[in-house]
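K.L.:
Just passing along the structure, written as structure tokens.
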Amino acid sequence: MRLLGLLLLTAGAASAGEYALLANGARMRVDRHEIDGVAVRLYNTTGYIEMPAALVSGFEAEDPPPAPPAPAPSPAAETLPPVSVVNPSELADAAADKYGLPRALVRSVMAAESGFQTDAVSPKGAIGLMQLMPETAEILGADPYDPAQNVDAGVRYLRDLLNKYNGLLWHALAAYNAGPGAVDKYNSVPPYRETIRYVARIGSALNAADKAAPADSGQHR
17 MRLLGLLLLT AGAASAGEYA LLANGARMRV DRHEIDGVAV RLYNTTGYIE MPAALVSGFE
77 AEDPPPAPPA PAPSPAAETL PPVSVVNPSE LADAAADKYG LPRALVRSVM AAESGFQTDA
137 VSPKGAIGLM QLMPETAEIL GADPYDPAQN VDAGVRYLRD LLNKYNGLLW HALAAYNAGP
197 GAVDKYNSVP PYRETIRYVA RIGSALNAAD KAAPADSGQH R
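Numbering (our numbering), first residue to last: 17 to 237.
Printed below as a string of structure tokens:
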């Protein structure tokens, strides 16, 4: 916490390009951060994530990438495969197909949960593309910091919730957001503002996908 204390003395200003060191041992790359009282805002190109300062143990400046070595011309040089880049939409579609869910549904949940950000961490500690809580990820046997495992486990969990609630989508979505206990207590979408907005947001996204589908007959739904 010594480094975080130094940053507090500087009113939270930071130069672009750094790593936030989370209290659970993870590192998250951000463009910059701001500290506002007991909260920390971590900024990237799409906006910012706000979390309690207690969840951040410090920051490290991002080292500039080393200059690439001069290529050695050789006609017999081996061609290396391209570096794999995580594509959230492809991960969503693959998991949707694996567990028999509509691709539009899985993409809409991912958008509502993390905005397709692989390194998203919520103020409550939910992690990754599908915003898995650490204890949920442990039960599902997944590493929440691995995007492929995160998405696979999240979609599997959504599928299990749909089975639990006999295919009632709003119940399953509400349980994904607020937990099955809340849905079971009210036998419906619980009267929580966040959960109601969450379900409505995904419903709107699914309606938009349905309207757009005829224009793209090759879309897998």
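For glycine and all other residues, C-beta sits at the position ideal for the given N, C-alpha and C.
1) Can you tell me the Cα-Cα spacing of Tyr181 and Val125, whole angstroms?
2) Is it the case that the segment 161-176 contacts the segment 105-125, given that we only count it when at least three CB pairs across the two stretches are under 8 Å?
3) Drop a sphere of 10 angstroms on the beta-carbon of Gly116, count the other beta-carbons inside from all chains shown, and report buried for 16 or more, exposed for fewer.
4) In the segment 125-185, which residue ranges form an unbroken alpha helix (DSSP H) of at least 4 residues, counting only runs that do not cross its ends?
5) Which residues in the same chain have their Cβ closer than 7 Å to the Cβ of Arg209, if we skip the five residues on either side of it in sequence?
6) In this structure, does DSSP put Tyr192 in helix, strand or coil?
7) Return the CA-CA distance between Met149 and Ala142, expressed in angstroms with no decimal places.
8) With three or more beta-carbon pairs closer than 8 Å as the criterion, would you say the segment 34-44 touches the segment 59-78?
9) Use the C-beta contact count for Ile155: other C-beta atoms within 10 angstroms, 16 or more gives buried, fewer gives exposed.
10) Got a sec? Which residues, its chain only, sit under 7 Å from Glu76 by beta carbon, not counting five neighbours each side?
11) Alpha carbon to alpha carbon, what distance is there between Tyr64 and Asn8?
12) If you drop the 5 nearest sequence neighbours on each side, which residues of the same chain put their C-beta closer than 8 Å to that of Thr62?
13) Check the C-beta distance from Leu178 over to Ala194 and give it rounded, since I have them as a contact under 8 Å.
14) So for Gly197, helix, strand or coil by DSSP?
P.N.:
Answer, in terms of the structure:
1) 17 Å
2) yes
3) exposed
4) 150-156 and 163-180
5) none
6) helix
7) 4 Å
8) yes
9) exposed
10) Glu34, Tyr35 and Leu37
11) Any question about residue 8 goes unanswered here, given that the chain covers just 17 to 237.
12) Gly131 and Gln133
13) Their Cβ separation, rounded to whole angstroms, is 16 Å, which puts Leu178 and Ala194 out of contact at 8 Å.
14) helix
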